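Trainee:
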Amino acid sequence: MRRIFDILYSTYGPQGWWPGDSQFEIIVGATLTQNTAWHNVTLAITNLKREGLLDPNAYLGAKPELVKVLIAPAGFINIKYKRLRYILEYFMSHNMDFERFRRLPIADLRSELLEVNGIGPETADSILLYAFGRPVFVVDAYTKRLFSRIGYSWMEKAPYDRVQEFFMGELPPDPELYNEFHALVVAHCKVTCKKIPLCSDCNLRSLCITGKCKAN
DNA sequence: AGCCAGGACTGAG
DNA sequence: CTCAGTCATGGC
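Last residue of the first sequence? That's 216 in our numbering, and every number before it is there in order.
1) Taking 8 Å as the cut-off, decide whether the C-beta atoms of V186 and Y142 are in contact.
2) Under 8 Å, do P73 and A30 count as touching if we go by C-beta distance?
3) Classify A124 as buried or exposed, calling it buried when 16 or more other Cβ atoms lie within 10 Å of its own Cβ.
4) Just to confirm my understanding: we take K82, look at its own chain, exclude 5 residues before and 5 after, and list those with CB closer than 6 Å. What are they?
5) Can you give me the C-alpha to C-alpha distance between F132 and V163, rounded to a whole angstrom?
6) Based on Cα-Cα distance, which residue from R2, H94, L113, G13 lies nearest to P183?
7) What is the DSSP secondary structure of I27, counted as helix, strand or coil?
8) Assign G13 to one of three DSSP states: helix, strand, or coil.
9) For my contact list, V136 and L128 are in at a C-beta cut-off of 8 Å; report their separation, rounded to the angstrom.
10) Say whether the stretch 22-36 touches the stretch 170-177, bearing in mind that this needs 3 or more beta-carbon pairs closer than 8 Å, one atom from each stretch.
11) Please report the distance separating the alpha-carbon of A58 from that of E51.
12) Is the beta carbon of L109 sitting closer than 8 Å to the one on F98?
13) Would you tell me roughly how many angstroms separate the C-alpha atoms of P19 and W38, rounded to the nearest one?
14) Drop a sphere of 10 angstroms on the beta-carbon of K144, count the other beta-carbons inside from all chains shown, and report buried for 16 or more, exposed for fewer.
15) From Y178, P159, I150, M96, pick the residue whose C-alpha is nearest to that of S126; which is it?
16) Along the alpha helix (DSSP H) that carries S93, what are the first and last residues, could you check?
17) Who are the Cβ neighbours of H94 in its own chain at under 8 Å, not counting the five residues just before and after it?
18) Does DSSP classify K144 as helix, strand or coil?
19) Put F167 into one of helix, strand or coil per three-state DSSP.
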């Protein structure tokens, strides 16, 4: 597992995630990117910034119609508008006390986040890792897709928590490592695309980046 | 013209 | 508990 990380890292280099300036922006981005191309999320976040709504009070005080237009590029406008509301209300109910979130035991904070309507396991873990620097491994569709092709076929249909437990059992609880690992998986999948067939010329198959495989 | 993107919720069986 | 249906837009 560590070897796979090393290959990815030497291939793509440090990714510098999360692509956002503030903790708050990371939280908003993690929500808006649900089943959505990141490019579209950047359009929405740029809109919110321009209108000064990338701020909890401003967002909650703005007219729904306006907010929906601004986040429209990210899709699912009605659902995501509500989800952002719920999430912001959660943080506001704790006075946006990020220091508190930083102190809370990981399991407790994760449970709190999962109780919020609109925050599922991946969004919760993205917030934990990228906004609060907690050592939580983020699993997503790319993770399952990639690893199910390089020897872990069981991951394809495995539930989120099972896959996460596996990775966290293989790797030390290092936020920096988890940060880069997830970002590198995304970076790799973005360039390989899910239609690339398995490579029969090397053990790494679709992860192979030697350029010698037929799959590449 | 479809198909897909850094998911999560809901309701039915 | 499992699972299809639903949600919306921009890029290729």
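Ideal placement from N, C-alpha and C gives every residue a C-beta, glycine not left out. Just so we're clear, the structure is a prediction, and the values are computed from it rather than from any experiment.
Mentor: Short version:
1) Judged by beta-carbon spacing, Y142 lies within the 8 Å limit of V186, meaning their Cβ atoms are closer than that value.
2) Pairing P73 with A30 gives a Cβ-Cβ distance that is not under 8 Å.
3) Around the beta-carbon of A124, 16 or more other beta-carbon atoms lie within 10 Å, marking it buried.
4) Cβ neighbours of K82 within its own chain (closer than 6 Å, five residues either side excluded): none.
5) If you take the alpha carbons of F132 and V163, they lie about 22 Å apart.
6) In the sequence under discussion, the amino acid at residue 183 is Ala, which differs from the Pro named in the question. Comparing Cα positions, the closest option is G13.
7) The three-state reading of DSSP puts I27 in helix, counting H, G and I together.
8) Annotated three-state conformation of G13 is coil, per DSSP.
9) Rounded, the Cβ-Cβ distance is 4 Å, consistent with contact.
10) Proximity of the stretch 22-36 to the stretch 170-177 falls short of the contact definition, fewer than three beta-carbon pairs being nearer than 8 Å.
11) Cα-Cα distance, rounded: 9 Å.
12) At the C-beta level, L109 and F98 stay beyond 8 Å of one another.
13) Using only the alpha carbons, I get a separation of about 10 Å.
14) Flag for K144 reads buried.
15) Nearest C-alpha to S126: Y178.
16) DSSP places S93 in the uninterrupted alpha helix (DSSP H) bounded by 77-93.
17) Same-chain partners within the cutoff: R100, F101.
18) Helix.
19) F167: helix per DSSP, three-state reduction.
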